[in-house]
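A short worksheet on the structure shown next.
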Amino acid sequence: DAQLRKIVMTLPGLLGYSVEANMAPKLAYLEREIGLSRAELRDWVVKNPSILGFSLANRYRPRLEACRAAGVDAKRVLSYATRADEFFCEITGIAPEALVAARESVLSVTAAASRARPPVAAPRRRAFSTRAETTARNAVDVRDLLRTRLALTEAEVDRVERYQPAGARATVEPKLAWFQAHLKLDAAQLGKMVVKFPPLLYASVEDNLMPTLDWLQTRLDLDAPQLKKVVLGHPPLLGISVEDNIAPKLDWLQT
Numbered sequence: 063d064a065q066l067r068k069i070v071m072t073l074p075g076l077l078g079y080s081v082e083a084n085m086a087p088k089l090a091y092l093e094r095e096i097g098l099s100r101a102e103l104r105d106w107v108v109k110n111p112s113i114l115g116f117s118l119a120n121r122y123r124p125r126l127e128a129c130r131a132a133g134v135d136a137k138r139v140l141s142y143a144t145r146a147d148e149f150f151c152e153i154t155g156i157a158p159e160a161l162v163a164a165r166e167s168v169l170s171v172t173a174a175a176s177r178a179r180p181p182v183a184a185p186r187r188r189a190f191s192t193r194a195e196t197t198a199r200n201a202v203d204v205r206d207l208l209r210t211r212l213a214l215t216e217a218e219v220d221r222v223e224r225y226q227p228a229g230a231r232a233t234v235e236p237k238l239a240w241f242q243a244h245l246k247l248d249a250a251q252l253g254k255m256v257v258k259f260p261p262l263l264y265a266s267v268e269d270n271l272m273p274t275l276d277w278l279q280t281r282l283d284l285d286a287p288q289l290k291k292v293v294l295g296h297p298p299l300l301g302i303s304v305e306d307n308i309a310p311k312l313d314w315l316q317t
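Positions 63 to 317 (the working numbering) are the ones given, in order, by the sequence shown.
See the structure below:
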C-alpha cells in the first residue's frame, strides 16, 4: 500500500487512465521490448511513477526505435523517460534528427490505425426541464458567486458555464463551502478545481464527493494533506466511479 500511495500521490492523473487502453498496453510494451522482468518493471514504476504518464506513440516507441538503430541500451528509455528530447539525445548520443524521424514514423502508423477505427458516437446531452427564466437567473447568480467567492476571471467562468448549468446558488454555495472546509483549500485552490472539473458544482456531497474522498483516504492510507495533494493533482478523479473504475484499477496496479 505504501508503494501504491506513492504512485498515486506522484501521478494522481493515473486514476483517470484506462487500464485496457493505456496502462496495460504501455507496461506490457515496456516489459516486452526493453526486456524487463515483471519485478524489474515494478521497481522502475515505484522509483519513478511519472513514467506512467508518457505516451507510447509519442515518447517510448520513438525513443526505443532510435536507441535500437544507434545501438544504445534500451533501458535508457526508462532512465531518461521524464527528460526532454534534447537532453535524451545529448546523453545517449542519438542524433536529434534520427529521433524526429522515428517519432514521425510511429505517429504516422498510429494515425493510420486510428483512422481505420469506426467513429465513436458523441454522448447525448442531458435534457433539462427547468424553465428558461429560472435557468437564466440561476446562471447569473452562480456566475456572480464564482467571480466573488473564487475570484475567477470572466473567461474561467465562461469555461465552467459551458460545461453544464450548475443549478441554483443556494445549492452550489454550501457545496463549495463544504469542499473547501473538508480539504482545507484556499479560494485559489478551490477555484482551480472548479475550472478543471466543473461537475464539482453539481455533484452530490453525500452520494458522490464524501464517499469518494473517504474511500481514497482509507484505501491509500492518506493523511489529510496527502488527500488534498492527490485531489488537487487531478480533480476529475472525483467524477470517476470508485466501484467500476478506481478500485479495480488500483487492484490491477498491485498485481
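C-beta atoms are modelled at their ideal positions from N, C-alpha and C, and glycine is treated no differently.
Computed from a predicted model, the values in this text were never measured in an experiment.
Original post:
Over what stretch of residues does the alpha helix (DSSP H) that includes methionine 71 continue unbroken?
Top reply: 64–72
**OP:** Answer with yes or no whether the minimum CB distance from alanine 239 to chain D is below 9 Å.
**Re:** The structure shown contains no chain D; it is built from a single protein chain.
Original post:
In whole angstroms, what is the alpha-carbon distance linking lysine 291 and leucine 278?
Top reply: 12 Å
**OP:** Please report the residue range of the alpha helix (DSSP H) in which threonine 154 lies.
**Re:** 147–154
**OP:** Return the chain-ordered ranges of every alpha helix (DSSP H) run that is complete within the region 201–234 and spans a minimum of 4 residues.
**Re:** Segments of the alpha helix (DSSP H) lying fully in the region 201–234: 216–225.
Original post:
Where do the ends of the alpha helix (DSSP H) carrying threonine 274 lie?
Top reply: 272–281
Original post:
Thinking C-alpha only, which one of Thr280, Leu98, Lys246 and Lys237 is nearest tyrosine 264?
Top reply: Lys237
Subject >> serine 191 versus threonine 280: straight-line alpha-carbon distance, rounded >> reply: Here serine 191 scores only 49 on pLDDT, less than 50, and its place in the model is too uncertain to base an answer on.
Subject >> DSSP three-state assignment for serine 167, whether helix, strand or coil >> reply: In the structure shown, serine 167 adopts helical secondary structure according to DSSP, grouped into three states.
Original post:
Would you report the Cα separation of alanine 173 and alanine 86, rounded to the nearest angstrom?
Top reply: 20 Å
Original post:
Could you give the distance in angstroms between the alpha-carbon of glutamate 93 and the alpha-carbon of tryptophan 106?
Top reply: 11 Å
Original post:
What number of angstroms, rounded off, separates the C-alpha of histidine 244 from the C-alpha of aspartate 276?
Top reply: 11 Å
Original post:
To the nearest whole angstrom, what separates the beta carbons of alanine 286 and lysine 246, a pair I think is in contact under 8 Å?
Top reply: 7 Å
Subject >> Residue range of the alpha helix (DSSP H) that includes proline 87 >> reply: Segment 86–96, the alpha helix (DSSP H) holding proline 87.
**OP:** Check whether the Cβ atoms of arginine 310 and valine 81 sit closer than 9 Å, and answer yes or no.
**Re:** As written in the sequence, residue 310 is proline, which differs from the arginine given in the question. Yes, the Cβ-Cβ distance between proline 310 and valine 81 is below 9 Å.
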